[in-house]
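For any residue, its number in the working numbering is found by taking its place in the sequence shown, counting from 1, and adding 1.
We treat Cβ as the ideally placed atom computed from N, Cα and C, and that holds for glycine.
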Amino acid sequence: MKKNLFVAIFASIFMFSASANAAVDAAKAEEFVQKVTKEGIEEIINANVSQTVKDERFEKLFNNALDLNFIGQFVLGRYWRTATAEQKKEFISAYRELNIKTWSQRFDEFKGKNFIFKGTTPSNSANQVFVNSVVPMEQGEPAKVVWRVKQTGNNFKIVDIIIENVSLAITARNEYTAYIKTAPGGIDDLIKDLQNKTKKA
């Protein structure tokens, strides 16, 4: 699998420095990401179960690992502030369903791949830290994958993934805000578009 395909797989999810923050437990943040990737490989990719069971396992992993409310606010940018409560709820739901559908179908592409973790890097953002990893590729240099993790109390959530210096959260925000800007129905049209993509996935 080449790097550009690897990036594309991750991009389908989100289409979403340097003093340390003392509140973040960097070691536990790295352990959290390691656990997420390990569960994904062992319980979904390599599991000898039906696709229906894999879908259920992935949905649970996805919801537990990602802070979708935080990501949703970020990727909608300034439009999150003007969205109604119902629009926010519907967007997060549509966003979640599309990503679950996409990932549950594409996860098998990670067979034979392993994440090698390379420690953490502090972030200027409150309660956040970057967890560094690489993935050996069949050709060329390993792909660099950086996980942005947010800590709230004793809980950790992934809020962005940066592949070869490309932030997926920022990519998603640029795409979604541009869509809303030109769509006659604004946020409502974006929600419908995500729902239609889910049906076609």
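Inter-residue spacing [alpha-carbon to alpha-carbon] between residue i and residue j
i	j	result
T1	V150	A question about residue 1 goes unanswered here, because the residues of the chain that appear run from 2 up to 202.
A66	I159	6 angstroms
N166	K55	30 angstroms
T183	D68	28 angstroms
I163	G120	15 angstroms
G141	N115	16 angstroms
Y177	P185	14 angstroms
D194	A173	14 angstroms
Where residue i falls, given that 16 or more other Cβ within 10 Å makes a residue buried
i	result
N100	buried
I117	exposed
K102	buried
A23	With a pLDDT of 48 at A23, under the threshold of 50, the modelled position of that residue is not reliable, and the figure given next carries that caveat. So A23 ends up on the exposed side.
A27	buried
T153	exposed
G73	buried
A144	buried
E31	buried
A84	buried
A86	exposed
Whole-Å CB distance - residue i paired with residue j, under 8 angstroms assumed
i	j	result
I59	F157	Note on identity: in this sequence residue 59 is Phe, with Ile being the wrong assignment. No, F59 and F157 are not in contact; Cβ-Cβ is about 19 angstroms, not under 8 angstroms.
N- and C-terminal bounds of the alpha helix (DSSP H) containing residue i
i	result
K193	188-201
beta-carbon residue i near the ligand FAD non-hydrogen atom, thresh 7 angstroms
i	result
L99	Summarising the ligand content, the structure contains no ligands, and the ligand FAD is consequently not present.
is_contact[residue i, chain B] using C-beta, thresh 8 angstroms
i	result
S168	Going by chain labels, chain B is absent from the structure shown, which holds only one protein chain.
Please list the segments of the alpha helix (DSSP H) lying wholly inside the stretch 35-94, counting only runs of 4 or more residues, in order along the chain. Entirely contained in the stretch 35-94, the alpha helix (DSSP H) runs reaching 4 residues are, in chain order, 52-66, 69-77, 80-83.
List, from N- to C-terminal side, the beta strand (DSSP E) runs of 3 residues or more that fit wholly inside the stretch 116-176. For the stretch 116-176, whole beta strand (DSSP E) runs of length 3 or above, ordered along the chain, are 117-123, 129-136, 144-153, 156-164.
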